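Under this note's numbering, think of the first position of the sequence shown as 2, with each following residue one higher.
Structure first, then comments.
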Amino acid sequence: MKLKLPLPKSFACLLGLCLVSALATSAFAADPDESGFKPIFNGKNLEGWDGDPQHWSVKDDCIVGDTSTPMKENTFLIWRQGTVDDFELRCSYRITSNWGNSGIQIRSRDMGHWVVNGYQADIETGDKYTGGLYNENVRSLALRGQNVTVEKDGHITQHAPVGDPAELEKLIHVKDWNDYDVLAQGYHVILKINGHVMCDVTDEDTANHVRSGILALQLHVGEPMHIEFKDVRLKRLKLGDRKKVVMVAGTPSHGKGEHEFNAGSELLKKCLDANAPQVLTVVYHNGWPADPTAFDNADAIMLYMDGGGGHPVIQRNRLAEVDHLMKQGVGLICAHYAVEVQKDRGGPEFLNWIGGYFETFWSINPTWDMKHPILAKDHPITRGVKPFEIPDEWYYHMRFPEGMKGVTPILSAIPPDSTRNGGDDAHGGNPIVRAGKGNVEVLSWAFDRPDGGRGYGFTGGHYHHNWGNDDYRKMMLNAILWVAKADVPADGVESSVTPEDLKANLDTK
2 MKLKLPLPKS
12 FACLLGLCLV
22 SALATSAFAA
32 DPDESGFKPI
42 FNGKNLEGWD
52 GDPQHWSVKD
62 DCIVGDTSTP
72 MKENTFLIWR
82 QGTVDDFELR
92 CSYRITSNWG
102 NSGIQIRSRD
112 MGHWVVNGYQ
122 ADIETGDKYT
132 GGLYNENVRS
142 LALRGQNVTV
152 EKDGHITQHA
162 PVGDPAELEK
172 LIHVKDWNDY
182 DVLAQGYHVI
192 LKINGHVMCD
202 VTDEDTANHV
212 RSGILALQLH
222 VGEPMHIEFK
232 DVRLKRLKLG
242 DRKKVVMVAG
252 TPSHGKGEHE
262 FNAGSELLKK
272 CLDANAPQVL
282 TVVYHNGWPA
292 DPTAFDNADA
302 IMLYMDGGGG
312 HPVIQRNRLA
322 EVDHLMKQGV
332 GLICAHYAVE
342 VQKDRGGPEF
352 LNWIGGYFET
362 FWSINPTWDM
372 KHPILAKDHP
382 ITRGVKPFEI
392 PDEWYYHMRF
402 PEGMKGVTPI
412 LSAIPPDSTR
422 NGGDDAHGGN
432 PIVRAGKGNV
442 EVLSWAFDRP
452 DGGRGYGFTG
462 GHYHHNWGND
472 DYRKMMLNAI
482 LWVAKADVPA
492 DGVESSVTPE
502 DLKANLDTK
């Protein structure tokens with residue numbers, strides 16, 4: 002059951018109550034505009050959701066939660082297609098049983114076995130908790146009608162209420178449909194039911210507040226209950242205090258330690274989470290996100306995946322989708338095989354988005370020991386990066402715009418002549434490559450787009466263990482910040498990884 006939160010000593014405090022309450026309400030005024038909202042429940046089945054089938058089902062276009070079969074603990078239906086940070090969620094709910102206790106979990110943690118901890122927008126059949134914000138198994142934050150700040154030390158400061166709890170309760174329909182709106186931006190959460198603000202919480206508790214996590218729906222232990230949810234839709238909001246980086250990790254394709262897209266992306270995220278508070282990073286595993294909102298509030302996207310003719314970006318008309326994002330100024334990073342697209346399908350777009358790409362029968366992909374690197378001077382991506390020598394499947398002789406317009410070589414080197422001796426082949430050689438012995442080749446590059454967006458191409462990343470090299474890794478971390486237009490520290494992003502870190506999340510153990 003929910004923890005009790007003492008009511009303020011008096012709701013009739015100070016003459017300025019009405020003004021402050023109005024300001025709180027105006028932050029989430031009635032807005033019928035549905036622009037930017039996307040459904041995350043298809044109305045047909047629980048695709049994209051995960052819960053105990055004894056208690057969750059779909060009927061008549063609704064998610065149905067039922068506890069006719071007794072439970073020993075609270076259980077949750079978890080949205081598995083993504084996580085949420087800053088967003089607005091809208092849905093409708095109805096409890097048709099005489100007793101009910103439920104809620105909408107936001108920015109929560111998956112504890113396993115369909116158990117979730119974290120913020121909960123409360124729902125019940127009683128007269129106290131619906132419309133309040135609770136923190137499942139941790140702390141109670143606000144009851145209906147309250148406007149509070151949770152201070153850094155966890156102390157709760159009461160402000161002018163958003164309304165009288167009893168009057169707000171009259172606006173909630175019993176055994177009928179209610180529209181629930183949840184707004185979370187920064188550490189500020191506002192809950193609204195049927196168009197009326199129910200509570201307003203600013204959570205500055207540094208030990209407990211969170212900026213991202215999972216969505217879920219709750220069924221509470223107790224008497225048998227029956228609840229329905231419908232029209233569940235999500236709108237992502239731009240982060241106001243940092244940049245958002247969305248990493249898309251490709252599906253497994255190679256042997257142990259090679260093309261470890263999931264593990265590599267998670268490792269980079271871990272380094273950014275620990276050392277770059279100016280960005281918030283999320284990783285989508287195993288291919289293109291099923292989450293229809295995945296890129297809606299992104300400042301930069303990183304693609305670390307297989308490319309070529311099967312490149313996810315050139316499938317299912319995604320070129321148009323990504324082009325729309327690029328025109329909005331979203332940055333793009335492509336690592337390793339992700340820099341390869343087809344000359345006539347993806348090639349022109351990649352020239353516009355990241356300033357270059359791997360073109361078959363023009364570029365080549367040998368494995369070689371990169372020596373005597375040439376690093377760009379006075380570029381944020383190379384801040385604090387010391388020259389490093391490392392073997393990798395370094396692609397080179399990339400296709401760039403005429404005159405390298407907008408392109409800044411970040412890492413260059415002279416490949417061994419032996420790498421140029423391949424016969425004519427889509428990836429292994431051609432007359433122009435063979436004639437270029439002794440030439441300096443660009444292995445990674447930055448691109449300043451004419452529209453103000455940024456791109457970065459990195460041809461390394463074949464061998465997972467290379468992320469253990471501090472400078473190799475720092476160059477990529479710096480690039481991620483630069484492309485997202487976040488501040489790159491004067492000495493670059495400092496980070497460290499352990500052997501255990503490198504073993505984590507591997508596709509092939």
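Here a beta-carbon is modelled for each residue, glycine too, at the ideal position from N, C-alpha and C.
Just so we're clear, the structure is a prediction, and the values are computed from it rather than from any experiment.
How is the beta strand (DSSP E) around W446 delimited, first residue to last? Boundaries of the beta strand (DSSP E) harbouring W446: 442-449, taken from the DSSP string.
Whole-angstrom C-beta distance between W363 and W395, which should lie under 8 Å: Not quite, the Cβ-Cβ distance comes to about 16 Å (not below 8 Å), so this is no contact.
Is it true that the stretch 209-217 meets the stretch 267-277, where meeting means three or more beta-carbon pairs spaced less than 8 Å apart? The stretch 209-217, when compared against the stretch 267-277, does not touch it at the 8 Å Cβ threshold.
Taking the Cβ atom as the reference point for each residue, do T76 and W100 lie within a distance shorter than 8 Å? One thing to note: T76 has its Cβ no nearer than 8 Å to the Cβ of W100.
T84 to R108, Cα distance in whole Å? Cα-Cα distance, rounded: 7 Å.
Which runs of the alpha helix (DSSP H) spanning at least 4 residues fall entirely within the stretch 71-149, listed in chain order? Segments of the alpha helix (DSSP H) lying fully in the stretch 71-149: there are none.
Beta-carbon spacing of H463, D393 below 8 Å: Going by C-beta atoms, H463 is nearer than 8 Å to D393.
Per-residue DSSP class, three states only, for A23: Unreliable positioning characterises A23 in this predicted model, as indicated by a pLDDT of 41, which lies under 50. A coordinate reading is not provided.
Which whole-angstrom value is the C-beta distance of W57 and L78, which I expect to be below 8 Å? Contact flag correct, Cβ pair sits at about 5 Å.
In the DSSP assignment, what residue or residues form a beta bridge with W369? DSSP output for W369 lists D393 as bridge partner(s).
What distance in whole Å lies between the Cβ atoms of F351 and V408, which are believed to be in contact at a cut-off of 8 Å? Contact doesn't hold; Cβ gap of about 12 Å is too wide.
Under a three-way DSSP split, which group does I1 fall into? No answer is possible for residue 1: it lies beyond the span of the chain, which begins at 2 and ends at 510.
Which same chain residues, not among the five before or five after L24, have their C-beta less than 6 Å away from its C-beta? With a pLDDT of only 38 at L24, under the threshold of 50, the placement of this residue in the model should not be trusted; the figure read from the coordinates follows. If we look at L24 and ignore the five residues flanking it on each side, it has no Cβ neighbours.
Pair within 8 Å by beta-carbon distance, G357 and R319: Not a contact, by the Cβ cut-off of 8 Å.
Going by other Cβ atoms of all chains shown within 10 Å of its Cβ, with 16 needed for buried, is E360 buried or exposed? Its Cβ being crowded by 16 or more others within 10 Å, E360 is buried.
Starting from the Cα of W50, find the closest Cα among E35, W80, D67 and give me that residue. Here the closest residue by C-alpha is W80.
How big is the Cα-Cα spacing for G133 and G251? For G133 and G251, the distance between alpha carbons rounds to 40 Å.
Using the C-alpha atoms, what's the distance from K171 back to D67? In a straight line, the C-alpha of D67 is about 26 Å away from that of K171.
Report yes if the CB atom of G469 is closer than 8 Å to the CB atom of V498, and no otherwise. Contact annotation: G469 and V498 have beta-carbon atoms nearer than 8 Å.
Looking at the secondary structure, which residues open and close the alpha helix (DSSP H) in which L478 lies? For L478, the enclosing alpha helix (DSSP H) has its first and last residue at 471-484.
Nearest-angstrom beta carbon gap, I315 and G347 [assumed within contact, 8 Å]: Right, the Cβ-Cβ distance comes to about 5 Å (below 8 Å), so this counts as a contact.
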